[in-house]
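In my numbering, the protein residues as written are -2 to 223. Even glycine gets a Cβ: it sits at the ideal position worked out from N, Cα and C. Worksheet: one structure, shown below.
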């Protein structure tokens, strides 16, 4: 059974999520503040974290950065903050998805399943290593190395990059990326792609503003050029 760490300072939401997740056979740990969340994550090693940004002791983005210092566990942000810059800040800090309060339980559960699915290693004998002049992508080990340094990617960042690398030199449409990474109900959420491609370029490209490997085909999609 997957283990979920739920972090929220609102008792009603924490209780509702705990009851619903346990009813669906998830193991659940609950935290009411950032310090407790970081402690439980280190002790219990959850498969996914559902995190409220408005915590009493730490801002949620600080918790994300704390987690990203040592784990790639999928993080779904759950917040009443609607401003796009706050969403981008959470995603830049390392979150994998963002659900705005009030939320539908079915949607949250669908995103939870998708996050776990993306983070689960596939059984494969693929040993392909794709190299560029600045970085290498090991598809079997799910690792990226840039000039001798391993680059930490979130599960969603890796999924986007992997899909582009496996189709090197070919256009991958926006709809295809959204369908494969986020699911069929997200084929209009092109803003997701802009955010994640910007993150990947910052981590991998020598000049993110003028990328050589992660290319945008305006209005169509993206292409990876080794």
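Cross-strand partners of residue i (DSSP beta bridge)
| i | result |
| --- | --- |
| residue 74 | 48, 95 |
| residue 221 | 211 |
| residue 1 | 25, 45 |
| residue 56 | 51 |
Candidates the options, of which the one nearest residue i by Cα
| i | options | result |
| --- | --- | --- |
| residue 4 | 131, 184, 27 | 27 |
| residue 66 | -2, 92, 159 | 92 |
| residue 130 | 34, 1, 208, 13 | 208 |
| residue 43 | 23, 50, 97, 54 | 23 |
| residue 171 | 68, 184, 202 | 184 |
| residue 166 | 223, 62, 105, 94 | 223 |
| residue 35 | 178, 126, 68 | 68 |
| residue 178 | 89, 46, 94, 12 | 94 |
| residue 101 | 206, 146, 10, 45 | 10 |
| residue 99 | 116, 77, 132 | 77 |
| residue 221 | 0, 144, 174, 88 | 174 |
| residue -1 | 45, 33, 32 | 45 |
| residue 188 | 169, 88, 115, 142 | 88 |
| residue 163 | 142, 128, 144 | 128 |
| residue 116 | 176, 144, 140, 155 | 155 |
| residue 224 | 140, 17, 135, 145 | A question about residue 224 goes unanswered here, because the residues of the chain that appear run from -2 up to 223. |
| residue 169 | 217, 52, 48 | 217 |
| residue 103 | 182, 186, 142 | 182 |
| residue 90 | 180, 12, 50 | 50 |
| residue 96 | 133, 47, 141 | 47 |
Contact check, residue i vs residue j, beta carbons under 8 Å
| i | j | result |
| --- | --- | --- |
| residue 64 | residue 38 | yes |
| residue 219 | residue 161 | yes |
| residue 202 | residue 211 | yes |
| residue 125 | residue 138 | no |
| residue 62 | residue 2 | no |
| residue 6 | residue 29 | yes |
8 Å Cβ cutoff, residue i in contact with chain D
| i | result |
| --- | --- |
| residue 99 | Note that chain D does not occur in the displayed structure, where there is just one protein chain. |
Count Cβ pairs between the region 55 to 71 and the region 81 to 88 that sit closer than 8 Å; are there 3 or more? Yes: at least three Cβ pairs fall under 8 Å.
Does the region 150 to 159 come into contact with the region 191 to 205, if we say contact requires no fewer than three beta-carbon pairs (one atom in each stretch) closer than 8 Å?
Flag = yes, the region 150 to 159 and the region 191 to 205 touch.
*Is there contact between the region 66 to 74 and the region 104 to 114, where contact requires at least three CB pairs shorter than 8 Å?*
Touching, yes, given that three or more Cβ pairs across the two stretches are closer than 8 Å.
### Task
Mind listing, in chain order, the continuous beta strand (DSSP E) runs of no fewer than 3 residues lying wholly within the region 167 to 219?
The region 167 to 219 contains these whole beta strand (DSSP E) runs: 168 to 170, 211 to 214.
| said: What ranges does the alpha helix (DSSP H) occupy inside the region 117 to 165, keeping only unbroken runs of at least 4 residues that lie completely in it? | reply: Entirely contained in the region 117 to 165, the alpha helix (DSSP H) runs reaching 4 residues are, in chain order, 152 to 163.
### Query
Can you list, in chain order, the stretches of the beta strand (DSSP E) that have 3 or more residues and sit fully within the region 10 to 38?
If only complete runs of 3 or more residues are kept, the region 10 to 38 shows the beta strand (DSSP E) at 24 to 28, in order along the chain.
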